[in-house]
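Chains U and Y supply the protein sequences, listed in that same order.
Our numbering applies: residue 1 is where the first sequence begins, and numbers increase by one.
Our numbering applies: residue 1001 is where the second sequence begins, and numbers increase by one.
Here is the structure we will look at, set down as structure tokens.
2 protein chains.
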Amino acid sequence: MLDVLRNRTTIRKYSDQSIAPELMNELLEVACRAANTGNMQVYSIVVTQSASIKQALKPAHFNQPMVTQAPFVITFCADFNRFNKWCLQRNAEPGYDNFLSFMTAATDSLLVAEHFCVAAESKGLGTCYLGTTIYNAQQIIDVLHLPKFVVPIITLTVGYPAETPVQVDRLPLEGVVHYETYQEYTAEEIERIYAYKESLPESQQFVHENNKTTLAQVFTDVRYTKEANETFSDMLLDVLKKQGFFFQDNSKL
Amino acid sequence: MLDVLRNRTTIRKYSDQSIAPELMNELLEVACRAANTGNMQVYSIVVTQSASIKQALKPAHFNQPMVTQAPFVITFCADFNRFNKWCLQRNAEPGYDNFLSFMTAATDSLLVAEHFCVAAESKGLGTCYLGTTIYNAQQIIDVLHLPKFVVPIITLTVGYPAETPVQVDRLPLEGVVHYETYQEYTAEEIERIYAYKESLPESQQFVHENNKTTLAQVFTDVRYTKEANETFSDMLLDVLKKQGFFFQDNSKL
């Protein structure tokens, strides 16, 4: 079992083999055994198979081909809508229109997503996470008809693998694990932690293709730029407000 | 393997059996195979065994006994500090002092936490998530010496189980899964989705013990109140600002 967790790779190309409805149902059942906050289960899982809806979702995910090529696109959403409705039907006044409640529901959503991901991979399925979900949340809200108090957090494309990619690198364990308390990095430690990643032929090719001088510049100047991050930050904060998670006094920011 | 995922329960009491350092190391290695954003690995894992540091962390977690009783307390943190330092040493200008970057790093942290959790449970360990981490993030920052651009997201207590709790209920699958697009709930559906949970003897005892008339009121009036949520929202937003994730124009909020 540890091997499933250890040997996983992201799968971006899927075969034509369909996923049996019984298997998908079982994986969703198992996913919901993930830990969640106070057993409120403040998430929803939107399972999309329709070609036209996948096509409509695609631009939100920067037109990545997995979205239409995968048999299933699964959008994990922070959801206080269902819980709020239950409270209101039970003479209880919900107080979940705030940032903490959004973070609680986002946390629940991510734990159930990863529980699903491991379950799917243990059955031979391949998955790819799309982090674009929080970049273009409003587009996804529109396509999936997400009501107030529901925000999409992360998306998984799922299908049987049609590729066997080589596992990508990770930083050495001592680069990300701290014992007892956080140990601030010295310049020499940073050098050592990133040395292997920088030495890889694919990293060097990446630098060359992008006309940069260091791998870090590919991230800051091309892949995850300050300008894009700030634009998407504003868009996401607007979505949180619109979906009802910033009712409180905003003067704190 | 699916059984490990399906049969899990939260474990809050741990035996005296220690966890072999080789096993803990293996679990951490495996955890880092979780998917992450752009392979930036913008998280850190703080592994705490020291009795005095666990004692210092305990108040942040509302003095829950697991914090000192568990052999390991593991704090998963959103971390752009390491990545920023690398960028600056490589003539690259990081643009990660914004809300989107915080959400990216929080996402990475939660996926690696759940990957760790499943790995640990597959080896017979028991775990308990502490959602209190984002409530009292500043206290944890102080105890664990987390620098700017590092925010604790979730905590796991880990050890060999000294209890075998009965698995708690979940909402019926149709209550949390939507096909194709989100299907808004009717009042009748809400009744049906929550009927089983409300019928449980432990739910009814919960209502009785708290002198409430409905289970929902236990959540809104006792466990997750509007007042507490708003206080902790303000505290968390202050932490995000202080840790460097709201440098951008705040007039959007």
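Positions of the beta carbon are idealized from the N, C-alpha and C atoms, including for glycine.
Note that the structure is predicted; figures quoted are calculated from it, not measured.
Where leucine 1237(Y) is concerned, the enclosing alpha helix (DSSP H) starts and stops at 1226-1242. In the three-state DSSP reduction, valine 1047(Y) falls in the strand class (E or B). Taking cysteine 87(U) as reference, the option from Glu1022(Y), Pro1065(Y) and Ala1216(Y) with the minimal CA-CA separation is Ala1216(Y).
Bounds of the alpha helix (DSSP H) holding isoleucine 140(U) are 137-144. Counting along the chain, alanine 1078(Y) sits inside the beta strand (DSSP E) bounded by residues 1072-1079. Not flagged as an interface residue toward chain U: isoleucine 1140(Y), since no C-beta distance is shorter than 8 Å. Proline 161(U) has Tyr14(U) as its beta-bridge partners, per DSSP. DSSP places leucine 1156(Y) within a strand segment (E or B) once states are collapsed to three. Contact of methionine 40(U) with chain Y by beta-carbon distance below 8 Å involves Phe1219 and Tyr1224. Under the Cβ criterion of 8 Å, glutamine 205(U) is not counted among the residues facing chain Y.
At a cut-off of 8 Å between beta-carbon atoms, asparagine 1091(Y) makes contact with chain U.
Chain order gives the chain Y residues near tyrosine 194(U) as Trp1086, where near means a beta carbon separation below 7 Å.
Taking 8 Å as the threshold, the shortest C-beta distance from arginine 1170(Y) to chain U falls below it. Taken through DSSP and simplified to helix, strand or coil, glycine 126(U) comes out as strand. Cβ atoms of proline 71(U) and isoleucine 19(U) come within 8 Å of each other, at about 6 Å. Annotation: Cβ neighbours of tyrosine 43(U) in chain Y (cutoff 7 Å, chain order): Val1176.
Contact of serine 199(U) with chain Y is not assigned, every C-beta pair being separated by 8 Å or more.
Collapsing the DSSP output to three states places tyrosine 1096(Y) in coil. Taking a Cβ-Cβ threshold of 9 Å, the residues of chain U close to glutamine 1049(Y) are Tyr179 and Glu180, in chain order. For valine 166(U), not one C-beta of chain Y is nearer than 8 Å to its own C-beta.
The distance from the Cβ of phenylalanine 116(U) to that of alanine 35(U) is about 13 Å, inconsistent with a contact at the 8 Å cut-off. Taking every protein chain shown into account, the CB of asparagine 1091(Y) has fewer than 16 other CB atoms within 10 angstroms, so this residue is exposed. Just so you know, the alpha carbons of lysine 85(U) and phenylalanine 247(U) end up roughly 17 Å apart.
Chain order gives no chain U residues near leucine 1125(Y), where near means a beta carbon separation below 9 Å; the closest approach is about 12 Å. Within the region 53-67 of chain U, the residues whose Cβ lies closer than 8 Å to any Cβ of chain Y are, in chain order, Ile53. By the Cβ neighbour-count rule, phenylalanine 1099(Y) is buried, with 16 or more other Cβ atoms within 10 Å of its own. The beta-carbon of valine 158(U) is placed no less than 8 Å from the nearest beta-carbon of chain Y. A distance below 6 Å between beta-carbons, with the five flanking residues on each side excluded, links aspartate 1097(Y) to the following residues of its chain, in chain order: Gly1244 and Phe1247. Across the set Tyr1160(Y), Ser1015(Y) and Gly1038(Y), the C-alpha of Gly1038(Y) shows the shortest separation from the C-alpha of phenylalanine 206(U).
By the Cβ rule, the region 149-158 of chain U does not count as touching the region 172-191 of chain U, because fewer than three pairs are nearer than 8 Å.
At a cut-off of 8 Å between beta carbons, glycine 244(U) makes no contact with chain Y. The three-state secondary structure of valine 4(U), taken from DSSP, is helix. At least one CB of chain Y lies nearer than 8 Å to the CB of tyrosine 185(U). In the DSSP assignment, histidine 208(U) falls within the unbroken alpha helix (DSSP H) covering 201-209. Within 7 Å of the CB of serine 1233(Y), the CB atoms of chain U belong to Asn98, Phe99, Leu100 and Gln248, in sequence order along the chain.
The alpha-carbon separation between proline 1094(Y) and tyrosine 1185(Y) amounts to approximately 44 Å.
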